[in-house]
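The sequence shown lines up with residues -20 to -1, 1 to 442 when you count with mature numbering (1 follows the signal peptide of the UniProt record, and there is no 0). Read through the structure below, which is laid out as structure tokens, and then see the notes.
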Amino acid sequence: MSAQHLPLAAALAICSGGLIIEVPIQSPESGDGGYIQWRAKLQTAEDCVHNVREAVGGEEISLMIGKVLKRPGVVTALPSTSSVTVPWSRVPQMLHGLLAELVDVPEEAFAIEEVPFRSNYDTAVGMFLLMFPGRNGWRVLAKSLRDIWVRGLLSAARLHVLVHHPDDWQPDSWRWALAEALPMLRGLHWCGGRNRFARYNQALVEKKPWDNYYHKVFTMFALAQYHDYKYIVSLDDDVLLPPSTLAFLMSSGQPGDILNCGVVSPLLQNGVPSVELWAEEFLNANEREALYNCFGGSTADYIGESYPELEPLPSPWSAFDWYKRVKGLDRTSALAHKGFHPVRSNDSCMEAALELALNHMLAEWPRWRTDHRIMSDDIRLYPYFCNNAYLIRTDLYSEIIRQPDLWQGGADEEHLNSVMHERNLPMCFISGSFGIHPAYSTHGRHLEMENTAVSMVLALDG
């Protein structure tokens, strides 16, 4: 078996000042063994693995990763008696996983993760996509970014893709999907394994060390600091935004500061609290009436729990009355931080909202709107913000992830709302923004609904 393995002295001579990761491998066909040797600062993991595969051949390779030996500039996984056999295509991600886990300073991993893309333009805005397995919404994001890029409007932001599952480590798929907009992509970042950022919140990392969501958002903040981004744009991977909406969101930092916005968010057809704003923008009177009748005819049940203090719901539906009622709940109520709304709790209303959005997609999605504006909730009507997609100042987000009781929530969303409430910061929304969030994960068919919406967007011309 021919494998790329050099004596330590020779390796250090080649990679002076660099970092080498050595992983023992074995051909599952011949049983021959050797090492993959990745000179991480001088070549991409994909190029390294490609070169080894050319020499070794086959469709799969066995990795025998045992105890790890760390020396200055070199990390060596010693051979183990057991092995795991994987497709060659999986090996680059595994190398990056080892890199993220074993380097002493996470920022060193960031630098190496960004080597393949070389997107070094200084910007004020970092966009972060939080990816989860089996989702296809990222393809819509790439489509919108291409549209914006060809208009010359993306110089002020760069994209970071945060993943924790090996199947989502697909740099070549991103290269193909972004095409001429590839300079927008600054890096794919591995967020699997143990959370590396106890420096931000020791209590959370101790209590939830393997929580991949918190690992992602801590990585997001660390990257924002690393690149000195003034603003963070956080996107869940099931949020679909048209090009003009996405472009305006990325440029809304300074205008939002003028209005003292806590967050700036696009309108979503099932957004809490933007669903009524979306409906007023895009639905005709009959469509709104049908949707609002669904809301008003709902019960105050959510995920198997009843909340009689909210019964009966306003009928005819009144967003003002509803949000005022939810806001008036005692802060100790189980609903005080739940973003409760019929569009989220009633599957029929969720389906109706998506159907209406898809009916308007052909007319609304391709429009490049120049009339977007920021709308501020100056009267502080809205009690809660569901953080599917938003822009926030990095310094404000720093306060959120450092909350001592952050570990008590399932996500940072509750603490985002608490900080905005304590500082009396309004939620702000983008007028004319035709955002689509197909379904909440509480819906039994949420993946089917998401895939339908994604397919329809990708089928549009342009």
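The beta-carbon is built from N, C-alpha and C at its ideal position, and this holds for glycine as well. Every value quoted in this text rests on a predicted model; they were computed, and no experiment measured them.
Helix, strand or coil at residue i [DSSP, three-state]
{"i": "S435", "result": "helix"}
{"i": "H(-16)", "result": "Note that H(-16) scores a pLDDT of 37, beneath 50, so its modelled location is shaky; the value from the coordinates is reported in the next line. Coil at H(-16), not helix or strand."}
{"i": "A137", "result": "strand"}
{"i": "D148", "result": "helix"}
{"i": "H30", "result": "helix"}
{"i": "residue 465", "result": "No answer is possible for residue 465: it lies beyond the span of the chain, which begins at -20 and ends at 442."}
{"i": "L427", "result": "helix"}
{"i": "M107", "result": "strand"}
{"i": "P189", "result": "coil"}
{"i": "S10", "result": "coil"}
{"i": "V83", "result": "coil"}
{"i": "R70", "result": "helix"}
{"i": "A(-11)", "result": "Bear in mind that the predicted position of A(-11) carries a pLDDT of just 32, short of 50, making it too unreliable to give a figure here."}
{"i": "S99", "result": "coil"}
{"i": "S398", "result": "helix"}
{"i": "D301", "result": "helix"}
{"i": "L220", "result": "strand"}
Cβ-based burial, residue i [other Cβ within 10 Å; buried from 16]
{"i": "E394", "result": "buried"}
{"i": "F365", "result": "buried"}
{"i": "Y370", "result": "buried"}
{"i": "L58", "result": "exposed"}
{"i": "S232", "result": "buried"}
{"i": "S124", "result": "buried"}
{"i": "Q234", "result": "exposed"}
{"i": "W129", "result": "buried"}
{"i": "P52", "result": "exposed"}
{"i": "D191", "result": "buried"}
{"i": "F414", "result": "buried"}
{"i": "E87", "result": "exposed"}
{"i": "L12", "result": "Reading off the sequence shown, one finds Asp at residue 12, where the question assumed Leu. Exposed, because fewer than 16 other Cβ atoms sit within 10 Å of the Cβ of D12."}
{"i": "R176", "result": "buried"}
N-terminal and C-terminal residue of the beta strand (DSSP E) that residue i is part of
{"i": "T128", "result": "Residue identity differs from the one stated: residue 128 is Ile in this sequence, not Thr. That residue, I128, is in no beta strand (DSSP E); its alpha helix (DSSP H) goes W118 to V130."}
{"i": "I283", "result": "It is not in any beta strand (DSSP E) - I283 carries neither H nor E in the DSSP assignment."}
{"i": "G167", "result": "L165 to W170"}
{"i": "P67", "result": "V54 to P67"}
{"i": "E40", "result": "E40 to R51"}
{"i": "Y209", "result": "Counting along the chain, Y209 falls outside any beta strand (DSSP E), and DSSP gives it neither H nor E."}
{"i": "S411", "result": "M407 to G415"}
Range covered by the alpha helix (DSSP H) that runs through residue i
{"i": "T199", "result": "N192 to Y206"}
{"i": "G233", "result": "G233 to I238"}
{"i": "Y272", "result": "A265 to G276"}
{"i": "V255", "result": "V255 to F262"}
{"i": "F177", "result": "Looking at the DSSP string, F177 is not in any alpha helix (DSSP H), and its letter there is neither H nor E."}
{"i": "A419", "result": "Run containing A419: none; DSSP gives neither H nor E here."}
Residue nearest to residue i in terms of C-alpha spacing, selected from the options
{"i": "C329", "options": "A299, Y287, E26 and F275", "result": "F275"}
{"i": "E269", "options": "D375, Y282, L336 and D281", "result": "L336"}
{"i": "V243", "options": "R373, G412 and Q388", "result": "R373"}
{"i": "V255", "options": "P146, Y362, G38 and H426", "result": "Y362"}
{"i": "F112", "options": "L427, A433 and A439", "result": "L427"}
{"i": "P189", "options": "W387, Y420 and M429", "result": "W387"}
{"i": "R166", "options": "P96, L248 and L133", "result": "P96"}
{"i": "L334", "options": "D301, F262, H30 and D216", "result": "F262"}
{"i": "I5", "options": "M44, S278 and G37", "result": "M44"}
{"i": "L220", "options": "L342, I416 and E9", "result": "I416"}
{"i": "G25", "options": "A343, A122, A137 and D152", "result": "Note on identity: in this sequence residue 25 is Ala, with Gly being the wrong assignment. It is D152."}
{"i": "V437", "options": "R131, D127 and L162", "result": "D127"}
{"i": "D148", "options": "A137, W170, W156 and A419", "result": "W170"}
Taking the runs of the alpha helix (DSSP H) that are 4 residues or longer, which of them lie wholly in the region 320 to 393?
322 to 325, 327 to 344 and 374 to 381
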